[in-house]
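As you go down the protein sequences, you meet chains A and B in turn.
Using the UniProt record's numbering, read the first sequence as starting at 1 and increasing by one per residue.
Using the UniProt record's numbering, read the second sequence as starting at 1 and increasing by one per residue.
Quick reminder that beta carbons are idealized off the backbone N, C-alpha and C, glycines included.
A short worksheet on the structure shown next.
Protein chains: 2
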Amino acid sequence: MPLGSFLHHPVVQAPMAGGASRPELAAAVCEAGGLGFLAGGYKSAEAVQEEVRALRALTPHPFGVNLFLPQNPSADPAAVALYGEHLAGEAAWYSTPLGDPNRGGDDEFHAKLTLLVRDPVPMVSFTFGCPTREMLDALREVGTVTAVTVTTPAEAVAAEAAGADVLCVQGAEAGGHQGTHRDDPGQDRAALGLLALLPQVREAVDLPLVAAGGIVRGCQIAAVMAAGADAAQLGTAFLPCPESGAHRLHKKALTDPSFTHTEPTRAFSGRPARGLVNRFMREHGPYAPAAYPQVHHLTAGLRRAAAAAGDAQGMALWAGQGHRLVREMPAGDLVRLLVDELHEAWTHPYGTGAREQEGPSGTTPGTTTPGTTTPVTTTPGAAATAAPTDGALG
Amino acid sequence: MPLGSFLHHPVVQAPMAGGASRPELAAAVCEAGGLGFLAGGYKSAEAVQEEVRALRALTPHPFGVNLFLPQNPSADPAAVALYGEHLAGEAAWYSTPLGDPNRGGDDEFHAKLTLLVRDPVPMVSFTFGCPTREMLDALREVGTVTAVTVTTPAEAVAAEAAGADVLCVQGAEAGGHQGTHRDDPGQDRAALGLLALLPQVREAVDLPLVAAGGIVRGCQIAAVMAAGADAAQLGTAFLPCPESGAHRLHKKALTDPSFTHTEPTRAFSGRPARGLVNRFMREHGPYAPAAYPQVHHLTAGLRRAAAAAGDAQGMALWAGQGHRLVREMPAGDLVRLLVDELHEAWTHPYGTGAREQEGPSGTTPGTTTPGTTTPVTTTPGAAATAAPTDGALG
């Protein structure tokens, strides 16, 4: 499969638009045997070309570039204008005008696609929709492997039908933007957890799957591979790395206990994205319209101003549900650590003790009877013996 | 560990209060080498005693009984009354009076606990809170293994501190009621996906973990065990079994494409519970107060009337996010099938192809370089070869 030619280890570094994904981060991951990604979103085609050049200068290994698909201009201008009025206080507080919601347009998507066809890269992934068969064919013709982000079995079937080579299966746990093909506020509470989503996609399509969402440990990589994935994609886990371009306050917030949890919000971009709950999310999330990228442009200046002022409560602190467990270390070391953990989980796959009952190293199914298995892990008091059973069954 | 003395296979049948969990279902699971559970919630202590007697007559193997902890009477009576007025139309439609929100009280919790201390069972699990050390000690003294349902690392630490023997780690994907210790509407969007939650709990406590939420396939059992669980608990997967007491419309709805997805709702019970989205959830969910069990008693008659009328749109169709993949077969056969799938996932744990790159059967890490691995699974066109890489790196 295409991934087989790219990955020495089943570890993909998620493209993180907005500054975290830098050529240095992708290069460090590639050098360690993972697959590094550049984030093409929110950048000019020229800037993307620059990053591709920079990355090629840093590593000879395969890498990927992620693009955001243009969104239908279906957002209600009146709703965007109303949200702008709602944010007047923020503009005054940060002494920063709101951005023009209509700048940016298609994020130079077509210019970037043209660039990537003219100067091919090993892999191109897409987020926020399903590319046309023409787009995917154009990339395939120049030898590029294509991936499409999906969040439901139906999106997976659509992406396979369009001709995608690989699917990035994103669970609800994922930090940053949800890659749903169409932003439907009526589905805000329908997002599927990764472990429930994976088998449904695995059984619906016949493509290699990269699993994403809340993964920060090697044992979770082993888990998604057991559930049908060919590799795992990690974003939040790489945020604290020195090679990551994430703001120092963003890096610090991931393990700061004063940030108690993450939630999806439209407050910053107009599309659901998971981040650490802070003041801006609490105050404005409930009023943010489904209007991407209009809201993204509206709040861009506010977020920059908050970062410049060192105010994490006004920044978009994108984070997945595994944020508490992130570790600060060079990206290459992290890839190697994740692979060690993956192999450890492989060696002891069945939690802390049940492996003594199941699996190749254990008893053959059918040869033992309940109650006869040796107790394994430590446990308080009398409960550790099989006696309770007898006591209750006498 | 206690589970080691109970489980021949790491498969636990989730207690499902409200009719689905019958002694016949628990017995079939126990006979097949899993751990069957009786649901003590919503029943009189006498009814629980009857079910325990019935189950003991059906199997000599260990089993469990689940109890709901009494909730603080913190619910605002005015909010409950208002929701009652809101439901007036339903009462008229089903020609059924609303129930008395204040009947039921503590669900006879203390009477059931006294019963289970006087006549011990192998395992007792708790939902909706953390039992006191006294309760857990009383059960341990009679040889009963105790389990506490947790949904966050903090709840896990509290349960371990109280003296629980086992934790049931419930992810957001789970069908039916979320076992959060305290119902806080401010945390409605904070629920953690199972795969993100497991390592956080695994690293926070030193107890055997039973993982629950969206599990309907053996490969998912292998996955949660790789991520730190000792066993998996499945509820929705057992709903369609002939031994399950779930209403035929409930069984049918699980795979009925007209039910597009599940969501958590307070519409039926006043506490967040995940079910297939139907008319009742859509119309009343947004107005349901955090008032459990008051709302449960308020709507009990309506749900019975809807079921009697064959109207699935007025019933509580509890289901986890894996509902689409459930299979209708005898519970014992399902346990055996899940174990076969678990072993298959163990044999081929790394998705469709990456296992050729990783793991005991693969190359030793560090001995190969990216781009040299043999492509594995089938994939459209030129992308299946390593050529794209060269093309892009030339």
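Discussion item. So within the region 56-105 of chain B, which uninterrupted beta strand (DSSP E) runs reach at least 3 residues, ignoring any that extend past its ends?
Written reply: 63-68
Worksheet item: For the beta strand (DSSP E) that Ala-232 (chain A) lies in, which residues bound it at each end?
Response: 231-234
Fill in: chain A contacts from the region 164-193 of chain B (Cβ-Cβ distance under 7 Å)
Asp-165, Gly-171, Ala-172, Glu-173, Arg-189, Ala-190, Leu-192 and Gly-193
Discussion item. For the structure I just gave you, are there three or more beta carbon pairs, one from the region 219-232 of chain B and one from the region 289-307 of chain B, closer than 8 Å?
Written reply: no
Fill in: Gln-49 (chain A), DSSP secondary structure in three states
helix
Discussion item. Taking the straight line between their C-alpha atoms, what separation do you get for Ala-14 (chain A) and Glu-50 (chain B)?
Written reply: 55 Å
Worksheet item: Near Gly-245 (chain A), what residues of its chain come up, given a Cβ to Cβ distance below 6 Å and the 5 sequence neighbours on each side ignored?
Response: Gly-19, Ala-20 and Arg-22
Discussion item. Against chain A, which members of the region 321-346 of chain B pass a CB distance test of less than 8 Å?
Written reply: Gln-321, Gly-322, Arg-324, Leu-325, Val-339, Leu-342, His-343, Ala-345 and Trp-346
Worksheet item: Is the beta carbon of Val-124 (chain A) sitting closer than 9 Å to the one on Val-150 (chain A)?
Response: no
Worksheet item: Under the three-state reduction of DSSP, which class applies to Ser-125 (chain B): helix, strand or coil?
Response: strand
Practice prompt. Identify, in the order they occur along the chain, each residue of the same chain with its Cβ nearer than 6 Å to the Cβ of Ala-158 (chain A), setting aside the five sequence neighbours on each side.
Written response: Cys-130
Worksheet item: What residue ranges within the region 243-313 of chain B form continuous alpha helix (DSSP H) runs of no fewer than 4 residues, ordered along the chain?
Response: 248-253, 279-284 and 294-308
Practice prompt. Report the residue from B:Glu-90, B:Val-201 and B:Leu-116 whose alpha carbon sits nearest the alpha carbon of Ser-44 (chain B).
Written response: B:Leu-116
Discussion item. As an exercise, report each continuous beta strand (DSSP E) stretch of at least 3 residues that is fully enclosed by the region 106-169 of chain B, in chain order.
Written reply: 123-127 and 145-150
Item to complete: Using alpha carbons as the reference points, say which of A:Ala-290, A:Phe-259, A:Thr-260 and A:Glu-283 lies closest to Ala-273 (chain A).
Response: A:Ala-290
Worksheet item: Counting pairs of beta carbons, one from the region 234-253 of chain B and one from the region 163-182 of chain B, are three or more of them closer than 8 Å?
Response: yes
Worksheet entry | the region 196-205 of chain B / the region 199-210 of chain A touching (three or more Cβ pairs under 8 Å) | no
Practice prompt. Please say whether Pro-240 (chain B) and Glu-328 (chain B) have beta carbons closer to each other than 9 Å?
Written response: yes
Worksheet item: Buried or exposed: where does Gly-105 (chain B) fall if 16 or more other Cβ atoms within 10 Å of its Cβ makes it buried?
Response: exposed
Worksheet item: For chain A, is any of its Cβ atoms less than 9 Å away from the one on Leu-69 (chain B)?
Response: no
Worksheet item: Per DSSP, what kind of secondary structure is His-177 (chain A) in: helix, strand or coil?
Response: strand
Fill in: Segment contact, 8 Å Cβ cut-off, at least three pairs: the region 212-220 of chain A with the region 182-200 of chain B
yes
Worksheet item: Are the region 28-39 of chain B and the region 247-267 of chain B in contact at 8 Å, needing three or more beta carbon pairs?
Response: no
Worksheet entry | C-beta neighbour in chain A for Val-216 (chain B), strict 9 Å | yes
Practice prompt. Could you tell me how far apart the beta carbons of Phe-63 (chain A) and Val-121 (chain A) are, in whole angstroms, since I believe they sit closer than 8 Å?
Written response: 7 Å
Fill in: Exposed unless 16 or more other CB atoms sit within 10 angstroms - verdict on His-110 (chain B)
exposed
Worksheet item: Taking 9 Å as the CB-CB cut-off, is Ala-226 (chain B) touching chain A?
Response: yes
Discussion item. Can you tell me where the alpha helix (DSSP H) holding Ala-172 (chain B) begins and where it ends?
Written reply: First-last for Ala-172 (chain B): undefined, no H or E at that position.
Fill in: Limits of the beta strand (DSSP E) - the one that Gly-320 (chain A) falls within
Premise fails: Gly-320 (chain A) is in no beta strand (DSSP E) and is neither H nor E.
Worksheet item: CA-CA distance, Arg-336 (chain A) and Asn-278 (chain B)?
Response: 47 Å
Practice prompt. Measure the C-alpha to C-alpha separation of Gly-40 (chain B) and Val-48 (chain B) and round it to an integer number of angstroms.
Written response: 6 Å
Practice prompt. Count the other CB atoms, across all protein chains shown, that sit within 10 Å of the CB of Thr-127 (chain A); report buried if there are 16 or more and exposed otherwise.
Written response: buried
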